[in-house]
Amino acid sequence: MPALEIVCIGIQELQQGTSSQLRCKLEQGFGKDGLGIITVSGVPNLIEMRSRLLPMAAEVASLPEAALTGLEDPDSNYNFGWARGKEALKDGQPDINKGSFYANPLQDKQTDNVDLLKRYPGFCRPNIWPTKDLPALREAFRELGQNIISVGLLLAKHCDTLASEHFLSMPANRLHDSIASSPCCKGRLLHYYPSEKLTAGKEAWCGWHTDVSSLTGLTSAMYLRNGVELPNPDTTAGLYIRDTSGNIAQARIPANHLAFQMGEAMQVHSGGFFRATPHFVRGANGESAAGISRNTFAIFIQPRWDEMMDTPEHTNPGNVDVAHWKPGITFGEFSELKFAQFTHVQ
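With UniProt numbering applied, the sequence shown covers 1 to 346.
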């Protein structure tokens, strides 16, 4: 499969007004014929923050079993803290090929409201940190997470400008404000285990899916063997995207760039003008990949649970083209419908 040349925007360009060139890039990357992904270069302190956090994915995964069990949060359906083997592969077997550590990078406690904690535990439960075994994780996770969110909010402002040119009735700053006021951003620090521990084929690391969020910010993956960073051991491994025409190609993210993928929440809020695209992660294969783990970090920039999933006035609902969405539901309800399609280990 071919590698894609992803649309790239410099951070200085995002910090300025929405130029015609920037409009073109946004539509090329996020529009109906785009790949649903854009990278941003020149983000301050990104290289240092990435180098600090991503090795901790392997460190978390290497903690004693008792420590990892203590980081699990079944009450949130494993959407906070540590999770491994809680999702099922297509054959129904637990997916132990990857481990995830989830946390809100903005605040450790979202609410004390008992009803909300019970109704939306995946959004509202408190963070769980390995304060004894890996105390540096909290600061590194929050630092990079907040940096990614700040860039994502800049991107959303320009998405507003472009979308409002197509929907004159669209409220000002609709896309930006739906996430800027939200306490619900979720970070996922991912560790894909070395190849000799894989239990399935090349595509087992992460199946085809689209993201529920408004935007998903992510770093380039870091490959490690015994704590030492190495080049990608398999050039066919990594992120793959299927565009709206059904073409599949590999998306390579430079180590000094952030990538942002369009999510279904913003697809709905833009009336289908912006498009989320299905993607998956292919695992490394071959002798050169033995003993090497893949580590990465994603931030799901998303609305509050009670944010209405509405579209611009006079939008044809058929143009939204998002499964499980219907007029009148909230983001929390929409997320529940989406997550119900995934198979979880009982």
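Ideal placement from N, C-alpha and C gives every residue a C-beta, glycine not left out.
Can you name the start and end residues of the alpha helix (DSSP H) that residue i belongs to?
i, result
"Arg52", "Leu46 to Ala61"
"Thr69", "Glu65 to Gly70"
"Lys338", "Phe331 to Phe339"
"Leu117", "Val114 to Arg119"
Can you give the beta carbon distance from residue i to residue j, rounded, assuming they're within the 8 Å contact cut?
i, j, result
"Leu218", "Ser293", "Leu218 to Ser293, Cβ: 17 Å. No contact."
"Gly85", "Pro94", "4 Å"
"Val322", "Gln267", "6 Å"
"Asn285", "Ala58", "Wrong, their Cβ atoms sit about 20 Å apart, outside the cutoff."
"Leu137", "Met56", "5 Å"
"Gly81", "Glu72", "6 Å"
"Leu35", "Thr277", "6 Å"
Mind checking who residue i pairs with in its DSSP beta bridge?
i, result
"Ser245", "Its beta-bridge partners do not exist; DSSP assigns none."
"Cys8", "Thr39"
"Val228", "Arg225"
"Leu190", "Ser100 and Thr296"
"Arg282", "Gly238"
"Trp208", "None; Trp208 has no bridge partner."
"Pro312", "DSSP, once it has assigned bridges, lists no residue as partnering Pro312."
"Trp82", "Phe101"
"Ile179", "According to DSSP, which records beta bridges pairwise, Ile179 is partnered with nothing at all."
"Thr161", "Looking at the DSSP assignment, Thr161 forms no beta bridge with any residue, so it has no partner."
"Thr219", "Leu258"
"Ile301", "Leu215"
Helix or strand or just coil, what does DSSP make of residue i?
i, result
"Met266", "helix"
"Ala259", "strand"
"Thr199", "Annotation note: pLDDT 44 at Thr199 (below 50); position unreliable, coordinate value reported separately. Coil."
"Ile128", "coil"
"Leu134", "coil"
"Thr18", "coil"
"Gly328", "coil"
"Glu139", "helix"
"Pro74", "helix"
"Glu13", "helix"
"Gly29", "helix"
"Asn147", "helix"
"Leu168", "coil"
"Ala323", "coil"
"Arg275", "coil"
"Gly34", "coil"
"Cys24", "helix"
"Pro317", "helix"
"Glu287", "helix"
Short of 7 Å in beta carbon distance, which residues of its chain neighbour residue i, apart from the five on each side in sequence? Order them along the chain.
i, result
"Lys338", "Val212 and His324"
"Ser169", "Pro312, Glu313 and His314"
"Arg52", "Ala140"
Here's a check: name, in chain order, each residue in its chain whose Cβ is nearer than 8 Å to the Cβ of residue i, leaving out the five neighbours to either side.
i, result
"Lys32", "Thr244, Gly272, Phe273 and Arg275"
"Ser19", "Glu13"
"Gly291", "Pro194, Ser195, Glu196, Arg225 and Asn226"
"Met49", "Ala140, Glu143, Leu144 and Asn147"
"Glu203", "In this prediction, Glu203 has a pLDDT of 48, which is less than 50 and means its spatial position is unreliable; nothing more can be read from the coordinates."
"Tyr240", "Met1, Ile248, Ala249, Gln250, Ala251, His279, Phe280, Val281 and Arg282"
"Leu117", "Thr111, Cys124 and Arg125"
"Gln15", "Leu154"
"Val151", "Ile11, Leu14, Val40, Val43, Gly217, Leu258 and Phe260"
"Glu336", "none"
Just to confirm my understanding: we take residue i, look at its own chain, exclude 5 residues before and 5 after, and list those with CB closer than 6 Å. What are they?
i, result
"Cys184", "Phe123, Gln302 and Arg304"
"residue 349", "The structure shown does not extend to residue 349, since the chain is modelled only from 1 to 346, so the question has no answer here."
"Glu307", "Ser178 and Phe331"
"Pro44", "none"
"Arg188", "Ser100, Tyr102 and Ala298"
"residue 419", "In the structure as shown, the chain begins at 1 and stops at 346. Residue 419 is therefore absent and cannot be evaluated."
"Lys109", "Pro126"
"Pro121", "Asp75 and Ser76"
"Ser214", "Ile179, Gly263, Ala265, Met266, Ile301 and Gln302"
"Arg23", "Leu162"
"Trp129", "Arg138"
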